[in-house]
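For the sequence shown, my numbering begins at 1147 and goes up steadily by one.
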Amino acid sequence: MKNDYDIIVVGAGPAGSVAARYAAQRGVSVLLLEKESKPGAFVRCGEAVNKNKLKEFINPDPDWISSTINSFSLIAPDGCEITLQFDEEGYILDRTLFDYRLALSAIDEGAELLSDAYVYDLIMDDGIVRGVRVETGSRRLDLKSRIVIAADGVGSRIGRFAGISTFIDYRDMECCVQVTASGVNYINGNSCYFYFGKRYAPEGYVWVFPKGSNTANIGVGISGYAGKSRSASVYLKNFIDNYYPGIKIIKKIAGGVPSTATLKQIISPGIMLAGDSARQVNPLSGGGIISGMTAGSIAGRIAAESVLLNQPDHIRAYQTEWHSRLGKKHEIYNLIKKGVFNFDDTRLNSIAKTFREVPPGKRSLGRLFCTALINNPSLLPEVAKVFVV
Ligand SMILES: Cc1cc2nc3c(=O)[nH]c(=O)nc-3n(C[C@H](O)[C@H](O)[C@H](O)COP(=O)(O)OP(=O)(O)OC[C@H]3O[C@@H](n4cnc5c(N)ncnc54)[C@H](O)[C@@H]3O)c2cc1C
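Dropping the structure here:
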């Protein structure tokens, strides 16, 4: 291993591995650092992704696909269920294997990977990031680089070390708890289920994502505000006791999802933030796998260009490109999220009831939005923008 690289990427999650791959593809030297024993060793995720968007980054492989999704079932607080069929399939991944393979794809392009390598500080020189300080086993190393890409997830500290404000309002940090369970019978193994309402998921939703062989990820995400009075764990237990009693819990995880617009600043001299660390998550759905990979692909490419052109300032292009690719949309989704969170159970029930009148073949997310809008016309200008941008 060298002690000087063109680009060092911190964190081998979806954002970091894609960033490392896109940079290495351009012939610069890249080191990917992961604090766990290997990429994918510790993941917290419902594992749902859109198939077509995923294919932009990696060819689907049955090894890391747990199930294929072709419909959504949305369940209102009064139990009224709406099913939406999709042509576009989605997947429920096995992220442990997926993250591992994604990191391998970066190595295939020439990136080096060091696992068990915890970045505990940055090397700074006059406000410019010049590398990272790493703890690996009992050793401490200083590794220099021309650019650091911080893809260290929702609990990111690297951005803060560089002086970037990574503050997030606690209301926007969705508190999530999820179990993977077996014995989840009576669900369609190709459908994702979403439950809404104050009883089980105030300012959020409960998800049930099938993983094959009667197993599923069952989780709840509630706003940090709602989580102050009762924990997400309690909401999830009540939900399971009511809807899926008797299931066998295999695994339980908890984590935060930064459900808000992207940070105002995602670059600083010598450093770029990508993925959850930059709050690049779809605020409406809480999905961050595709957004993270999109951000990683832009960050990795632009970082390599900056090195090859010998123009440190070129990394500014990342902020602009992200904003036009997804950042602007996320700002609008964030406004819609705030509107939707204000719907009370009566309104949600009424939307579901109205939408149920739509014949199954004519149901679409767009039509569901229209129904929701009839119930809350003040959202109209924001929703209109989603379809224009
Ligand atoms: C309960 C839950 C359910 C979710 N469900 C979905 C879903 O169904 N679909 C979806 O799209 N998104 C979902 N998300 C969000 C999604 O998991 C994240 O948005 C996504 O993983 C972000 O990718 P990332 O690469 O930015 O960060 P991460 O995947 O968190 O990767 C960060 C990596 O950095 C490493 N790391 C951290 N600090 C350091 C350090 N100092 N030094 C070295 N390495 C470090 C970590 O070990 C990790 O491997 C969910 C999140 C939660 C909590």
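We put the CB at the ideal spot given by N, CA and C, even for glycine. Model, not experiment: these values are computed from the prediction.
| Query | Result |
| --- | --- |
| Contained beta strand (DSSP E) runs [length at least 3] in the segment 1300-1353, N- to C-terminal order | 1319-1328 and 1337-1343 |
| Span separating the alpha-carbon of I1314 from that of N1198 | 31 Å |
| A1463 beta carbon less than 8 Å from that of A1445 | no |
| Beta-carbon proximity check, L1239 vs V1174, cutoff 8 Å | no |
| Element boundaries [alpha helix (DSSP H), containing A1249] | R1241 to D1254 |
| Closest Cα partner of A1166 within the set T1229, R1190 and L1260 | L1260 |
| beta-carbon R1285 near ligand 1 non-hydrogen atom, thresh 7 Å | no |
| CB contact flag (V1189, T1242, <8 Å) | yes |
| Stretch-stretch touch, CB-based, cutoff 8 Å, three pairs: the segment 1153-1166 with the segment 1175-1183 | yes |
| Whole-angstrom distance between R1447 and N1456, CA atom to CA atom | 14 Å |
| Same chain, Cβ closer than 8 Å to S1423, neighbours up to 5 away in sequence not counted | G1157, A1161, A1296, A1297, D1298, G1299, V1300, S1302, I1304, G1305 and T1312 |
| Reference I1089, options I1386, T1326, I1211 and P1206, closest by Cα | This structure cannot speak to residue 1089, because the chain is shown only from 1147 to 1535. |
| Collapsed DSSP secondary structure at M1439 in the structure displayed | helix |
| Cβ pair count under 8 Å reaching 3, the segment 1355-1362 against the segment 1376-1387 | no |
| Where T1088 sits in the DSSP three-state scheme | Residue 1088 lies beyond the residue range present for the chain, which begins at 1147 and ends at 1535; the question has no answer from this structure. |
| Beta-carbon proximity of F1218 to S1337, cut-off 8 Å | yes |
| Which of helix, strand or coil DSSP assigns to N1198 | helix |
| DSSP bridge partner residues for Y1237 (one or two, in chain order) | V1195 and T1214 |
| Of the listed residues F1487, S1328, A1441 and P1206, nearest to E1546 (C-alpha basis) | Absent from the model: residue 1546. The displayed extent of the chain is 1147 to 1535, so no value can be given. |
| G1432 versus D1459: straight-line alpha-carbon distance, rounded | 32 Å |
| Minimum length 4: unbroken alpha helix (DSSP H) runs contained in the segment 1149-1188 | 1160-1170 |
| The alpha helix (DSSP H) enclosing I1129, as first and last residue numbers | Residue 1129 is absent from the structure shown; the chain starts at 1147 and stops at 1535. |
| Beta strand (DSSP E) segment containing R1276, residue limits | I1274 to T1282 |
| Alpha helix (DSSP H) segments (min. 4 residues) lying fully within the segment 1440-1510 | 1462-1468, 1474-1487 and 1491-1502 |
| Close Cβ partners of I1435 (< 6 Å) along its chain, the five nearest in sequence each way excluded | P1160 and V1195 |
| Per DSSP, the bridge partner or partners of D1288 | R1279 |
| Nearest neighbour of A1169, chosen from E1255, G1186, L1382 and Y1237 [CA to CA] | E1255 |
| Spatial distance of I1368 from D1491 (CA atoms) | 15 Å |
| C1191 CB to nearest heavy atom of ligand 1 below 7 Å | yes |
| Under the three-state DSSP convention, the category M1147 falls into | coil |
| For I1417, the nearest candidate out of W1468, V1278 and A1249 (CA to CA) | V1278 |
| Rounded C-alpha distance that separates N1205 from L1514 | 31 Å |
| For G1283 and D1262, believed in contact at Cβ under 8 Å, the rounded distance | 7 Å |
| Cross-strand partners of A1296 (DSSP beta bridge) | V1156 and L1419 |
| With 16 other Cβ atoms within 10 Å as the buried cut-off, status of T1466 | exposed |
| Under 8 Å between C-beta atoms of I1221 and F1342 | yes |
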